Amino acid sequence: MGESRLKWHDAILVPKYNLQPPCILGKDVANADTLLALLTFNIKYDTGIFSWEGHRVQLAGCYLGLAFTGARPAEFVDREKMSDDGECQEIFQTVMKNISGYEGEAPDKHSRLLEDMISQEYEDRGRPKALCYEDILLMIVCHPETGEDILVMYIRLMHHKGMDNKPKPTVFHFTLTRRLIFCFISVIVSLAVHDRAFAASNLTSVREVFQARNQKPVKCTPLRWKEEWLKRPIFRQRDEDDPDERRYQPLPYHKLHYDMERQSLDAGEENKIEPKVWRRGAANAANGNASDAIRDQMMRHDPKWATFNSAYINEKVKFHLQNAFLEEPTEDSLLAMLSHIGLMRDPRASKDMVPDEVWEMMPPDPKIEALKKERARLKGGRYRIKGSEHEGQIRELTKLIATKEQQWKKAVKQDYRKQYFYNRPTWDMEAGGEEQEEYVEPVIDLQIPERAQLAEILCNQPDNLSPAELLELRIQAAELMVILCGKREPARPGRIRQRARAQTQADVPVKEESPGPDPFPLLMDRKQCPRCIGDETLSQEERTFKYCRPAVMFDHFDRKHAQQLGSARQMSCNHPKCKEEALEFKHLNHFKNHVESVHGVKLRA
Numbered sequence: 118m119g120e121s122r123l124k125w126h127d128a129i130l131v132p133k134y135n136l137q138p139p140c141i142l143g144k145d146v147a148n149a150d151t152l153l154a155l156l157t158f159n160i161k162y163d164t165g166i167f168s169w170e171g172h173r174v175q176l177a178g179c180y181l182g183l184a185f186t187g188a189r190p191a192e193f194v195d196r197e198k199m200s201d202d203g204e205c206q207e208i209f210q211t212v213m214k215n216i217s218g219y220e221g222e223a224p225d226k227h228s229r230l231l232e233d234m235i236s237q238e239y240e241d242r243g244r245p246k247a248l249c250y251e252d253i254l255l256m257i258v259c260h261p262e263t264g265e266d267i268l269v270m271y272i273r274l275m276h277h278k279g280m281d282n283k284p285k286p287t288v289f290h291f292t293l294t295r296r297l298i299f300c301f302i303s304v305i306v307s308l309a310v311h312d313r314a315f316a317a318s319n320l321t322s323v324r325e326v327f328q329a330r331n332q333k334p335v336k337c338t339p340l341r342w343k344e345e346w347l348k349r350p351i352f353r354q355r356d357e358d359d360p361d362e363r364r365y366q367p368l369p370y371h372k373l374h375y376d377m378e379r380q381s382l383d384a385g386e387e388n389k390i391e392p393k394v395w396r397r398g399a400a401n402a403a404n405g406n407a408s409d410a411i412r413d414q415m416m417r418h419d420p421k422w423a424t425f426n427s428a429y430i431n432e433k434v435k436f437h438l439q440n441a442f443l444e445e446p447t448e449d450s451l452l453a454m455l456s457h458i459g460l461m462r463d464p465r466a467s468k469d470m471v472p473d474e475v476w477e478m479m480p481p482d483p484k485i486e487a488l489k490k491e492r493a494r495l496k497g498g499r500y501r502i503k504g505s506e507h508e509g510q511i512r513e514l515t516k517l518i519a520t521k522e523q524q525w526k527k528a529v530k531q532d533y534r535k536q537y538f539y540n541r542p543t544w545d546m547e548a549g550g551e552e553q554e555e556y557v558e559p560v561i562d563l564q565i566p567e568r569a570q571l572a573e574i575l576c577n578q579p580d581n582l583s584p585a586e587l588l589e590l591r592i593q594a595a596e597l598m599v600i601l602c603g604k605r606e607p608a609r610p611g612r613i614r615q616r617a618r619a620q621t622q623a624d625v626p627v628k629e630e631s632p633g634p635d636p637f638p639l640l641m642d643r644k645q646c647p648r649c650i651g652d653e654t655l656s657q658e659e660r661t662f663k664y665c666r667p668a669v670m671f672d673h674f675d676r677k678h679a680q681q682l683g684s685a686r687q688m689s690c691n692h693p694k695c696k697e698e699a700l701e702f703k704h705l706n707h708f709k710n711h712v713e714s715v716h717g718v719k720l721r722a
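Residues in the sequence shown are numbered consecutively from 118, following our numbering.
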C-alpha cells in the first residue's frame, strides 16, 4: 500500500501541482576547500552583526567539529523543543505538581510512580542535549616518537540519532594542526579560557595552557574542569558575563542553521551549505582511508544495513574511469576537485544581491495587493483600529500581509541568484576579448581591531614556520579569540555615514600641539546612552554614539539595559569618570537619579 501511494505521488501529484521531484537537487559533499572558504569568510569578510563576537568563534568551532567528526548538529547544539521561556525545568515541576495530589494530599502509589517516570529524564540527565564541558577532555601527553609534551583533545559524542533505543557513544581524537585556521583545539581552549572553566587556578590564559608540561614521572596530565562547568554547554547563545539567568542555555539549532546558510550564500556558494554536507564529507573522507568498520562506527551506522552506500556515498564518482579504461594516468587531483561542493563558487555573489533597479521594476504581487485592499476596506479610512468592529480581522490581515511579503521577497532573491549562476558563464563567454570590469577583492573594514588581527594571522599564515614560531603564532591567535569573545559590535543606524564623516574629518590637518577633546566627558549629551559609553567591548565610535532624539535613546536603554540592571545584584555606573569612585546603587531609580544629576541625562521614570 505504501509503495503504491509513493508511485501515485511521484506520477500524479508532482507534475500536477508542480512539486519538487525527490532527489532532483542531488546531495552536496563538502571537503577541506569548502571548510577553508567558509572559515575565511566568517572571520575576515562577514559583515553580519552578532549579539556578541564570541558567537563568531563558536561558529568556527561548530564548523570544525561537524567537519572533523561527521556528527549531526544535534550532538553539538540543542535541537530540543523548548517552551516559550525556554525553561524545561518549569515544565517538569508544573507537571509533577499537578499529579502530586489535590490540595496538599499525599500522593498515592500510582501518582508517585507516574511522577518518577516523568522526572526521570530530567533528574538523570541534569544537562542539555548538547556538547558540554564534561564531554571534552584536554590532555598533555608525551609524544611517543619525539618525546615532547603536546596538547591533545578527546570529545565524547553521545546524543546521536536513536540514542534512546540503542546508545552508541563515540570518542574522537584531535591534535594540533599546522594550519591555524583548522585548529579545533585552539577554539575550544579559547572558549574555555574566556569562561574561566579550568579547575587549575594557574590556567587563566591561553599561553599557560599551551605551555603546560607534564610533571615527571607521569606522561599524561588531564586538564580538569571546574565542577560547576561540567554540565554547561560550550556553545551557548549568550555570553557567560551576561547577567541574565539564561546565559547558560545551549546554542539552538535554528541559529546555527541560519548563520551557516547566510554565510555560505554571502561567501558566493551557488547553493546554501547545510549541516548535512559536513556529515557526507566526513563519511566520504573516511571511506577508503579507513576500514568499513571504522567508517560505520564514526557514522553510528549498523553495518548490516549498508547505510553509507545507500544514503551517504558521493553521487559524483571519485575515480577517473575514462583514463583507467584507456590505460592512461588518472587525474586524481582534478577528479577530487570536481566531486565536491564549492566548484561553482562566485565571490561576486551574495545572499541579497538583487539590485535596487530590479526591485523598482518588479510588479507588485496581486495576492498581496488584494489583501491590502481588503484591509483598507475594513479600516474604512481610519488610522487607529483599537476598539473597532473589525480589529481582529485587520490585525490578522496585517500579519498575513507581512508573511506574504517576506515569502515574496525570499522567492525573488532565490530566483535572481538562480538566474545569475545559470547565465553568468554565458555572459562571460559572450564578452570574449572585450574589456571587463576587473574583480576587486572586497576591502576589509572590520570595526573590532582584534578581529582584524586574528583574520591577518589565520588567513595569511606564513609557510615553513619552526615549531617554536608556530606555537607562538598559535598562542597569539588563541589570545585574540579570547579577547574577541568579550567584544560585541551592535548594529547602529547610519554607521556607514558616520564612518565616511570620520574619514573626511581625519583628512583635515590638525596641529600637533592642539589637544583633542575629551571623548568621554562627565557631562554627557542627552542623546547618548549612559551605559554604552562605559562599555569597553564597543569601539569609541559606538560608545560615543548620539541618537537622533532622546526618545529613541530611551527606547534603546529600556530594551537593552533596564532589565539587566533591574535583575543585577550589584549596580554601578560604568562611565569612565565614575569607575574609579566605585559607586554602587541600591535600585534602578537610584542609578537613574545619579545619571541625571551627574551626567545630565534624564531617563524615563
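Every residue, glycine too, gets a C-beta built ideally from N, C-alpha and C.
Please read these numbers as outputs of a predicted model, since none were measured by experiment.
Going by DSSP in three states, residue i sits in which element: helix, strand or coil?
i: Leu571; result: helix
i: Cys179; result: helix
i: Ser689; result: strand
i: Asn540; result: helix
i: Val310; result: helix
i: Asn581; result: coil
i: Cys249; result: strand
i: Pro367; result: strand
i: Arg295; result: coil
i: Asn97; result: One cannot answer for residue 97 here, as it falls past the ends of the chain, which runs 118 to 722.
i: Val258; result: strand
i: Glu698; result: coil
i: Gln510; result: helix
i: His418; result: coil
i: Val529; result: helix
i: Ser121; result: helix
i: Lys389; result: coil
i: Lys535; result: helix
i: Val599; result: helix
i: His457; result: coil
Is it the case that the Cβ atoms of residue i and residue j are separated by a distance below 7 Å?
i: Trp395; j: Ala149; result: no
i: His311; j: Cys695; result: no
i: Ser656; j: Gln570; result: no
i: Val715; j: Ser307; result: no
i: Ile433; j: Ser456; result: Reading off the sequence, residue 433 comes out as Lys, not Ile. Going by C-beta atoms, Lys433 is nearer than 7 Å to Ser456.
i: Leu274; j: Thr287; result: yes
i: Phe662; j: Arg721; result: no
i: Gly187; j: Ala400; result: yes
i: Glu170; j: Lys527; result: no
i: Leu514; j: Arg492; result: yes
i: Arg341; j: Arg355; result: no
i: Ala272; j: Ile302; result: Per the sequence presented here, residue 272 reads as Ile, with Ala not at that position. Cβ atoms of Ile272 and Ile302: not closer than 7 Å.
i: Phe327; j: Ile592; result: yes
i: Cys337; j: Met270; result: no
i: Arg189; j: Asp266; result: no
i: Lys389; j: Ser381; result: yes
i: His277; j: Arg417; result: yes
i: Ile458; j: Leu488; result: no
i: Lys343; j: Ala317; result: no
Are the C-beta of residue i and some C-beta of chain C separated by less than 7 Å?
i: Glu589; result: Chain labels in this structure do not include chain C; a single protein chain is all it has.
Below 8 Å on the Cβ atoms is my guess for residue i versus residue j; work out the distance and round it to an integer in Å.
i: Val718; j: Gln645; result: 7 Å
i: Tyr664; j: His673; result: 7 Å
i: Arg379; j: Gly651; result: About 32 Å separates the two Cβ atoms, so there is no contact after all.
i: Leu248; j: Glu197; result: Actually they are not in contact, since the Cβ atoms of Leu248 and Glu197 sit about 14 Å apart, beyond 8 Å.
i: Arg397; j: Val146; result: 5 Å
i: Met470; j: Tyr537; result: 7 Å
Kindly indicate the opening and closing residues of the alpha helix (DSSP H) around residue i.
i: Tyr271; result: It is not in any alpha helix (DSSP H) - Tyr271 instead sits in the beta strand (DSSP E) that spans 266 to 274.
i: Asn705; result: The question names Asn, but residue 705 in the sequence shown is Leu. Leu705 -> alpha helix (DSSP H) spans 705 to 716.
i: Met478; result: 473 to 478
i: Ser684; result: 680 to 684
i: Asp145; result: Premise fails: Asp145 is in no alpha helix (DSSP H) and is neither H nor E.
i: Asn406; result: Where Asn406 is concerned, there is no enclosing alpha helix (DSSP H), given that its DSSP letter is neither H nor E.
i: Ala493; result: 483 to 496
i: Glu659; result: 657 to 660
i: Leu438; result: 438 to 442
Over the uninterrupted beta strand (DSSP E) stretch that includes residue i, give me the two end residues.
i: Pro392; result: Note, Pro392: premise wrong, no beta strand (DSSP E); alpha helix (DSSP H) at 392 to 403.
i: Leu340; result: 337 to 340
Measuring CB atoms only, is the region 337 to 352 touching the region 436 to 456, in the sense that at least three cross pairs come out at less than 8 Å?
Short answer: they don't touch.
The region 154 to 164 contacting the region 364 to 375, beta-carbon criterion three pairs below 8 Å:
A contact between stretches requires three or more CB pairs, one per stretch, nearer than 8 Å, and the region 154 to 164 fails this requirement with the region 364 to 375.
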